[in-house]
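Counting from 1, position 200 in the sequence shown corresponds to residue 323 in my numbering; the numbering is continuous, with no gaps.
Glycine is no exception: its CB is placed at the ideal position from the N, C-alpha and C atoms.
The structure displayed is predicted, hence computed values, not measured ones.
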Amino acid sequence: RASLANTSTAHHRIMFAMTTRVATPVVASAAPRASASRARASASRVSLNAPMTPARLSVRARAEESSADAPADEDDFESRLGALRGKRSKRAASDPADKTDKTSDTPAPKAAPKGQRRKGVADFTVVGTIEEPAGVNWGKEEIVYEGPPARGEIIANVAMSWTLVWLPLTISAIGRGLWASYKITDKRVCVMSTSPLRTERTDVPIEEIVDVIAIGRGVGLWGDMVITLKNQEKIELRSLPDFKKLEEHIRSRMGEADPEYAKI
């Protein structure tokens with residue numbers, strides 16, 4: 124028994140010695156790691172609180188300059204790209220002088236006074252009679268032309284009436300010759316109709332005309348004329364003799380009446 128007790132005691136001592144030797148290096152190795160992490164944390168705090176060196180200041184200044192120049196470089200790139208495409212880029216800076224020049228070259232159209240409107244064909248037309256309208260005094264006038272459409276139109280259309288295609292044109296020409304008449308003076312252009320369907324008279328002052336166009340027909344012996352009013356309505360005069368002379372007369376008179384609207 125004494126020997127067994129001694130053996131057990133020796134065994135316990137050996138096990139205790141081995142446990143102590145193994146645990147000691149683990150604790151010893153963990154201590155340097157903790158001290159190293161504390162050293163790095165303190166160093167980082169010192170570096171944050173430390174003043175910036177000239178090298179760091181120069182690097183930061185260059186970074187700020189490059190960020191400030193970036194928008195200007197981008198705008199310059201956009202303007203060059205727009206020039207290559209043939210149009211100004213959306214992001215490129217626009218020149219106010221260009222807009223001023225473009226707007227100054229195109230004059231603004233003349234508008235009617237506020238609350239008023241331009242007179243049209245209906246304002247110059249009297250229905251039911253071809254007599255001179257009451258209450259209108261034209262004063263002394265110089266008559267340039269007064270009479271029906273050119274008779275040559277009726278002759279030419281009757282000669283071609285044997286074809287069914289030309290028959291409607293022949294009927295229209297005969298109707299104009301019987302019921303239509305024109306009067307052109309230095310103050311107005313008058314169109315009268317005594318048709319059984321509608322009797323009316325239209326007197327347009329020269330100053331209300333802004334454009335006149337005449338096109339020859341019948342080998343140039345007569346022609347059709349279209350006059351445009353200030354409100355852009357049009358009146359047609361068919362088969363006028365001496366149409367070029369009448370066109371020049373109206374054009375010259377409307378130029379004197381309203382040079383802004385005249386297209387000479």
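C-alpha distance - residue i paired with residue j, whole-angstrom precision
i: R320; j: R299; result: Arg is not the amino acid found at residue 320; the sequence shown has Leu there. Cα to Cα, L320 sits roughly 13 Å from R299.
i: R241; j: V327; result: 13 Å
i: S316; j: R324; result: 6 Å
i: E371; j: I329; result: 13 Å
i: L369; j: V349; result: 12 Å
i: Y268; j: I373; result: 11 Å
i: A337; j: K367; result: 7 Å
i: T286; j: G243; result: 39 Å
i: T351; j: V249; result: 19 Å
i: G339; j: A296; result: 16 Å
i: R376; j: A257; result: 25 Å
i: S284; j: G341; result: 15 Å
Cross-strand partners of residue i (DSSP beta bridge)
i: D72; result: The structure shown does not extend to residue 72, since the chain spans only 124 to 387, so no value can be given for it.
i: G300; result: G300 is not bridged to any residue.
i: A269; result: The question names Ala, yet the displayed sequence has Glu at residue 269. Partner(s): K306.
i: W345; result: R340 and P364
Where residue i sits in the DSSP three-state scheme
i: R283; result: Note that residue 283 corresponds to Met in the displayed sequence, not to Arg. Coil.
i: E331; result: helix
i: E264; result: coil
i: E359; result: strand
i: R340; result: strand
i: T252; result: coil
i: L352; result: strand
i: R374; result: helix
i: V259; result: coil
For residue i, the nearest candidate out of the options (CA to CA)
i: I307; options: E201, V244 and D365; result: D365
i: D246; options: M377, L344 and K353; result: K353
i: A303; options: F200, L287 and A273; result: A273
i: I266; options: W289, I297, I253 and Y305; result: Y305
i: G251; options: S202, W289 and S318; result: S318
i: L301; options: D199, T322 and V288; result: T322
Residue i CB to nearest heavy atom of the ligand GTP below 8 Å
i: F366; result: Within the structure as shown, the ligand GTP is missing, as the structure has no ligands at all.
Evaluate contact between the stretch 328-335 and the stretch 275-284, counting only Cβ atoms and requiring at least three cross-stretch pairs below 8 Å.
-> Inter-segment contact for the stretch 328-335 and the stretch 275-284 is absent: fewer than three beta-carbon pairs are separated by less than 8 Å.
Indicate whether the contact test is met: 3 or more Cβ pairs, each with one atom in the stretch 307-316 and one in the stretch 342-360, closer than 8 Å.
-> Using a Cβ-Cβ distance cut-off of 8 Å, the stretch 307-316 and the stretch 342-360 are in contact, since at least three pairs of beta carbons, one from each stretch, lie closer than that value.
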